[in-house]
Structures are given as structure tokens and as C-alpha cells.
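To start, the structure under review is shown below, and the notes come after it.
Chains as they are written, first to last, in our numbering: chain A, 2 to 596; chain B, 862 to 1172.
Laid out in C-alpha cells, this is it:
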């Protein structure tokens, strides 16, 4: 009699354990991170694998079964702080880790959608982020959830409690710095870039010991600046980026060259290289800084051990259109004449798609991935743009009254043929799925903007749509030929990430609020779900308890609504939001499909 | 409708006001301006007076206009803000602004939409441009860019200024001197743009840039540069801290600089014209009585009266 109750209790507690299935103390190891692209029950990297192909081997949800996919829970990020939600969720041991606007983080039970903990960064009044108060996601390592804040800190939280384990000031937010990208962890080092205010900054890549937050190295991304490495706690000089100052910059402009590393990086285990992109050079007016202005608007291959630059490839030398070079570089292999080519691809702001040799940065091929590029006739054999000189905005000093430089209509607009939103690569179709936008801009330099009541040098932009019926275009692109295999036109600009799966599907969301699945070969829309607010986040898929799940954040915002004029008219009626939507294919439908 | 002042206007004058505005040319936006006053939700003149305080937005860390010295708010704009509060018979509260990329950002963050984190707004903002081309600027679909703010009461006229080391460069006759002498400027300011692009880029290699005018002055004192070019108020303010026997304010012209002079005033949310009229009276008195010039002189800053008052 006395024994019965405890036994029952033990049985009950065992059941509960089975319910939560995995051991509560599993931590994320370097091996978990390196294998993330192969494992289906966890997502522990931004990009669903260090190469950031955003390809999942899961195929339970496929062209046949997708119609039976259904939402299983929705989680509100709450509060009045509903702004752009550009995050990619992570999954580990049945827990989802996701960031939201205003530097907030949640741990959510991935089965039920119940909150486990929430962390709110205490942001100072003085932050002035350029392009909405967004965050793109966390890094997971050991028992830590690591993310960057709008006041330019890296914060590591305990994965079980959400309490701060370490916090590190990367730069001073008062100088205009912020962090919005997800960090990346390579061999125990957490590596991040930085968003910079408009002028006076120098882009850098920073590495810290992921467990302690101790700095490991820092690498400036502007020619002429010294890099450092910490040896036994001592800061040691580690070589000047580009060898010496001023080779590609006039006078002392290299001192404040810009080239912010605001979108983070990817990594390739084959070559052991980190790939970081860099932003446009400063000052804005290109006529003030003749030269290529290294390493602005470039992709840099960096050794994660010491932060040395191994190679660089500049997409827009001497940028005059605000074409940041930050877009992700995705490693992939392909066969050509019986040989495996170790390539990497990127779809740049400037409208060109580049395929590079990822071992040495050599240009293999490039082609426009947007319908029209106005500022360059094409790329030469080294991948350097062949400029259309008349399409560079003029210098105000050359105008008759010194008031406004000549205005040009340039395409794509400075928000880019593709902006931050990550594309995906399918190993099955060997195609890249690129979220692009068709727009142009009136652009000019003028010396009469006001700032703090002072007359300042300004750049004028007006973004304009090109087509009545669409701006956004999701394109399936063959990296070997440049062929556009299919396209899907979207009325408003596309601003969310893409996911592709072995189930033959391509997933993305649009500002109109739909999560959509496309047939990866034909581009037919095979599934659509209205999430209630615009999607500017990146979808993920994983497997839990034998069922395939999909998650995406819904919450309209980001840079697009901040720009006025014609494009804003297309999007101004979209409502704010802040919800994690999670879907699954119930087991019985997956089995039905197999029978 | 909480605001009895506007209720009065509506009660007595609505039809008359509308008829009046409809009768004049280009009245469309004026009518909108009037309609906006009917649903004000932040602070009107009456709310300010009844609360006993006014909140004035000033730029943080921006000498000689607004900065903290010895733990105390100080500067030209702070002194003017105090006079405004005194004129309205209320206490002064300050909002320290972090500038956005443009003045339009600052209007949004501090006057009409509110701060991005806590949504607080100020009642009035200092150092708004008083420039018809700017206040009437339209976007590509023809709408007024700054229709949510009213810019008024210019309180000084700003210009450019060079200070030079007379031991190295005794006289700055023309800008051509800087083909042979170095000159410093604040990065991305108009002086920096001017020095690196004007005259076919002939001054570019002699131009050094600094993150602030104060840092450029340090370089001037250490003979790293022979001169510094900047905004006249800042250069004249900083000149009090250097040996005036060795460093002198130049009187040269700035050919082809685009904007030679410009006026600075204040801004309020467009609903609150009445507040603007009241503050406008205070500023007019300060300018015409010579008190404004005294405030500027107190900081060693060259004062020039805006042409608005010169009639």
C-alpha cells in the first residue's frame, strides 16, 4: 500500500521525462556547429549550416504533402515594440531561441510555443540605428545563447535561465555603432561584425572566446589600419590590413574609410575561411576619394584563427551609389569537366551575381541577376565592373552654382538588387533561390543638407519602382550559366530570407504577410499562409518527434518603410506585428503520402 | 478637444478661417494645417503653461550651442532656451538629442513621433533650419516632406570661417593658398567636401580630416595643419582657447561653396502655431534688443542677425 504511490510517481515522472525527450544538459559543441547542415533535429547556426546554404535534407514536407501542413502554435513577441522582425530562429533540444526588435531574446518550448524565458537588453536613449531596431538572430555555443545588441555589445545568456553569463562592449554606441547581425562561432570563438553610423567609423571583424567573452583578435576592414591579436591576455600587433595606408585612398581618408561589416559572415570548413562582406566607403561622395578605396564594398576571406585577411574580392571599387558589399557569400561545390570546383556565390547590392573560387578569391564568372543594371556595362575578365561614367552621380563642385551635382537615374537602387535577406542553395537542383528587387533611384550629391543645424554634405536619393505590378522577384538562378530558371514577381519589395529543402520546396515570406512554398523546379506556388503581418525574417525547418516543422517570424519593418516616396506608398498600409509562427506536417499525412 | 484655446477658434472662426484660406491661391496645405489643429494630442501652449514647464530639445555634446560643462548644461542654445522659459513664465526642461542622419530624422524623433525607445517628445527644438526651400521641400510624389513641423523664429545667421597659424601662413588671401599649405576640417562636413573637391581637387592632398573641429584645433596648435576651416560659430568659439597672437580668423571668401550663409531657428509640431507665436515674440525681442548678440559674445562667437529682422 505504502509502496504504490511512490511507484506511480516514478512512473509519472518517467513519462514526463519521455515527453521532454532529450537530456536537459546537452550543450552545443563545435562538432554540432560544423555538422549543422546535416543534422535535422537541431539548428545551431545562422544559415542552417556554416556555409549558410539554407538547405535542409528533410523531405517529409514535399510537393505532395505540403497542402497538409498546418500551423501548430504562434508566439507573440508582445508589447508595443512591434517593429521589423528579421530574425532566424534556432532549435536545440526542443527549445527555440529567437530574437526580436529592440534587442530582445526568447527561449520558447518548440512543441507548445510556451515561453521559457525572455531577455530584454536595457538600451540607452542615445542609440540611433539607421535602419529600424532589428536583430537577425543568436549564436549558440556550449550552454550559451550569444547575440549582439543595438548598443554594440555582445551578450551571452544562460540557455536555461536567460541570465547574463558575460557581456562585452564591442564598440561605443555613442559613436554610432550597433550590432544587428547574428554572430558566428568557429572553434570556440564567437565572431561578429559591426554596423556603423554614417561617417568617421572603420569597419572591423571581432573575435572573442565564446565561453568567456575574452577578446581573441580584431581585424579592421579598411586599408592602413593595424589588426591585433591577444596572446596570453596581451594585445599584440598583427599586421596592417592591406599592408600600408593610403594606397587606394587620397590624403588621409583611409583613417575613416567606412566599410562596415554589418551583416556578419559565413564560414567554409573545406578551406577553413571566414567570409565577411563590407559596406560602402566614406565619405559618401565618390568624387572626394578617387581610387578603389580598399576594402570597401568587398568580400574578405579571413583566417578565423588569427584574423588575417587571406584574400579579398571587391564588387564595387570606388563605389558611388551606396552599394554595400555585405551580402552573404555562400560556399558550394559543382562539377565541371569531371572536376569539382570549390566555389562560392554572392548576389550583390549592385545587381551582379558573382561566382568566385573560394580557395583564392579568383573570379570565375558573374552576370546580372536583376532585369537591368544601369551603372555598369558588365564585368571584365577579373570581375571588375565596366563603368558607365555618365551614370555616376556628379560632383556638386562641377556644377555651375556649386549647389547640386548632376542627378542620375541608377539601377538598381541603393537598397540593392538584393539586400540583407539571405538566398538559399539547393544541392538537389543546384540552383540558387535569390530574393531580389527591381527598383531604380534618382541620386545626386548636394552640399546643403542640414545636420545639427549645420549645413552638411548630403546625398539625395529617391527610390522608384520600375514596374507597375511588382518590385520583388524571387529568382531561381543557375550559378553555372546565369540562366534564370524561374521567377516569381511580388507586388511589394521582398525583404525576407529563403529556405530550400530536399522535399523539392523553396520557402520565403513577403511583406503582404504570406509564408509561401514554391516548387523548386517550376516556381509554382504550392502553399500559402497569411501570418497577419509582413514577413521579413528567415524561415527554418527541423524535425521533432518524427515530424517536420517549419517556423518563421512575422512582423513588418526593416529599412523599406523608412524610405519615403513611391515605394513607401506600396507598403504603408501593412500592419505591424511580432509573431513566431510554427507549422508542421502531422505524421499521419507523411505516412499517407508514402503509401 | 481637451484644448480650450482651439475650441474657441473652432467655435468662432472655423467657417471664416476655411473660407479665407480657400479663397487664396495654393491654400491646400494651409487648410490641412488648420484641420490638424483640431485633433492635437501632445502639448499645446496652454498645456505647457498649466504644467509650469517647457521641454526644449537641444543637441547633446555640441559646443558652443549645447553641452555639459562642469556638470552644468551650458551654451548659446541653453541660454536662449532659458529666456524662452522665462518669457512663458515656466520652468525649463531639456531633452538632449542624439542626431540622426538628417534633420528630418530629428524632427521625427523629438517632435512628432517621439524617441525610438520611450516615445517621449519635446515641445520645441532648437537649431532647426530657417530656410524656405527646406521647409517647402517636396518628395517624389509631391508631398511636403516636413509638413508635420513648423519652423520659425530665426535667431542667428551662420557661415564659414577659417582660422590660420600666422607664423606659417600670415594671410589667407584666397583659397588658392591651400595648394601650398595644409588645412584641417571635420569629416563629411561641407568644408571637408569643399576642400577635397573644389578647384578640380587641387586642395585635396593638403586636406586633413578630423572627427571634430576641436580635434582639428589640436592639430592646428601642434602645427600638423596650417589652418582649419569650419562653421563660423564653432571656429570663433574655439579661437578663444588658442593664442590669438599666433592664430587669426581669416576674412577670405569661399567661392563656389553652394551655401554661403544660412539661418537657424526653432521648430514645433505643426499643431502648435500658438506656441510658436509666443516663442517667436521672445526671440524677436532678444534679437532686436541686442540681448541675442550678447549671448553669442559671451561665448566669443561671431554674431550675425538674420535678414528676417533687418527691415
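The beta carbon of each residue, even a glycine, is placed where N, CA and C say it ideally should be.
Min CB distance residue i to chain B below 9 Å
i, result
"residue 411 of chain A", "no"
"residue 451 of chain A", "yes"
"residue 459 of chain A", "yes"
"residue 297 of chain A", "no"
"residue 567 of chain A", "yes"
"residue 153 of chain A", "no"
"residue 456 of chain A", "yes"
"residue 175 of chain A", "yes"
"residue 11 of chain A", "Residue placement at residue 11 of chain A cannot be trusted, given a pLDDT of 43 that sits under 50; the coordinates are not used to answer."
Residues of its chain near residue i, where Cβ-Cβ distance is below 7 Å and the 5 sequence neighbours each way are ignored
i, result
"residue 154 of chain A", "168, 169, 170 and 171"
"residue 1012 of chain B", "989, 990, 991, 996, 1126 and 1128"
"residue 946 of chain B", "915, 952 and 953"
"residue 913 of chain B", "951 and 952"
"residue 487 of chain A", "477, 523 and 524"
"residue 205 of chain A", "195, 219, 220, 221, 222 and 262"
"residue 134 of chain A", "84, 102, 103 and 151"
Alpha carbon of residue i to alpha carbon of residue j, nearest angstrom
i, j, result
"residue 382 of chain A", "residue 982 of chain B", "55 Å"
"residue 75 of chain A", "residue 151 of chain A", "26 Å"
"residue 939 of chain B", "residue 1104 of chain B", "27 Å"
"residue 528 of chain A", "residue 537 of chain A", "18 Å"
"residue 175 of chain A", "residue 922 of chain B", "11 Å"
"residue 344 of chain A", "residue 111 of chain A", "35 Å"
"residue 380 of chain A", "residue 917 of chain B", "54 Å"
"residue 287 of chain A", "residue 321 of chain A", "5 Å"
"residue 105 of chain A", "residue 157 of chain A", "13 Å"
"residue 548 of chain A", "residue 90 of chain A", "18 Å"
"residue 601 of chain A", "residue 424 of chain A", "No answer is possible for residue 601 of chain A: the residues shown for chain A start at 2 and end at 596."
"residue 484 of chain A", "residue 117 of chain A", "46 Å"
"residue 1149 of chain B", "residue 1064 of chain B", "41 Å"
"residue 1033 of chain B", "residue 943 of chain B", "39 Å"
"residue 847 of chain B", "residue 930 of chain B", "Lying outside 862 to 1172, the shown extent of chain B, residue 847 of chain B is not represented and no answer is given."
"residue 1132 of chain B", "residue 905 of chain B", "8 Å"
"residue 246 of chain A", "residue 455 of chain A", "31 Å"
"residue 319 of chain A", "residue 501 of chain A", "35 Å"
"residue 366 of chain A", "residue 468 of chain A", "29 Å"
"residue 353 of chain A", "residue 375 of chain A", "11 Å"
"residue 1115 of chain B", "residue 444 of chain A", "26 Å"
"residue 1084 of chain B", "residue 1045 of chain B", "11 Å"
Proximity test, residue i beta-carbon vs the ligand SAM heavy atom, cut-off 8 Å
i, result
"residue 1040 of chain B", "Among the ligands in the structure shown, none appear at all, so the ligand SAM cannot be discussed."
CB contact below 9 Å: residue i versus chain A
i, result
"residue 1100 of chain B", "no"
"residue 908 of chain B", "no"
"residue 972 of chain B", "no"
"residue 987 of chain B", "yes"
"residue 893 of chain B", "The predicted model places residue 893 of chain B with a pLDDT of 38, which falls under 50 and marks its position as unreliable; any figure quoted below should be read in that light. Not closer than 9 Å to any Cβ of chain A, the Cβ of residue 893 of chain B fails to qualify, so no."
"residue 1002 of chain B", "yes"
"residue 955 of chain B", "no"
"residue 1105 of chain B", "no"
"residue 1026 of chain B", "no"
"residue 1067 of chain B", "yes"
Own chain, CB closer than 8 Å to residue i, minus 5 neighbours either side, in chain order
i, result
"residue 361 of chain A", "312"
"residue 215 of chain A", "209, 231 and 234"
"residue 437 of chain A", "348, 370, 371, 418, 419, 473, 474, 475, 476 and 495"
"residue 278 of chain A", "262, 264, 266, 299, 300, 301, 325, 326, 327, 328, 329, 330 and 347"
Neighbourhood of residue i by C-beta distance below 6 Å, restricted to the same chain and skipping five residues each side
i, result
"residue 192 of chain A", "185 and 208"
"residue 1188 of chain B", "Limits of chain B in this structure are 862 at one end and 1172 at the other, which puts residue 1188 of chain B out of reach."
"residue 593 of chain A", "none"
Neighbour flag for residue i against chain E, beta carbons, 9 Å
i, result
"residue 472 of chain A", "Any reference to chain E falls outside this structure, whose protein chains are A and B."
Exercise for the section: Check whether the region 576-588 of chain A touches the region 73-87 of chain A, taking contact to mean three or more Cβ pairs, one atom from each stretch, closer than 8 Å. Expected result: Verdict: yes, contact present.
Exercise for the section: Note down, in chain order, all residues in the region 266-292 of chain A with a beta-carbon under 9 Å from any beta-carbon belonging to chain B. Expected result: Along the region 266-292 of chain A, the positions whose C-beta sits under 9 Å from a C-beta of chain B are 283, 284, 285, 286, 288, 289, 290 and 291, read in chain order.
Exercise for the section: Inspect the CB distances between the region 1132-1144 of chain B and the region 1085-1096 of chain B and report whether three or more fall short of 8 Å. Expected result: They do not touch, by the three-pair rule.
Exercise for the section: Would you check if there are 3 or more beta carbon pairs closer than 8 Å linking the region 48-59 of chain A to the region 323-332 of chain A? Expected result: Contact between the region 48-59 of chain A and the region 323-332 of chain A is present, because at least three Cβ pairs lie under 8 Å.
Exercise for the section: Decide yes or no for the touch test of the region 223-230 of chain A against the region 249-265 of chain A: beta carbon pairs closer than 8 Å, at least 3 of them. Expected result: With contact defined as three or more Cβ pairs closer than 8 Å, the region 223-230 of chain A and the region 249-265 of chain A are in contact.
Handout entry: Members of the region 124-143 of chain A near chain B, C-beta cut-off 8 Å
Key = Listed by position along the chain: 124, 126, 127, 128, 129, 130, 131 and 134.
Problem - Contact the region 305-319 of chain A vs the region 383-392 of chain A: 3+ CB pairs below 8 Å - result: Result yes; three or more Cβ-Cβ pairs closer than 8 Å.
Exercise for the section: Determine which residues of the region 1037-1050 of chain B have a Cβ less than 8 Å from any Cβ of chain A, and write them out in chain order. Expected result: From the region 1037-1050 of chain B, only 1048, 1049 and 1050 have a Cβ closer than 8 Å to chain A.
Handout entry: Stretch pair the region 1040-1057 of chain B + the region 274-293 of chain A: three plus CB contacts closer than 8 Å
Key = The answer is yes - the region 274-293 of chain A touches the region 1040-1057 of chain B, with three or more Cβ pairs under 8 Å.
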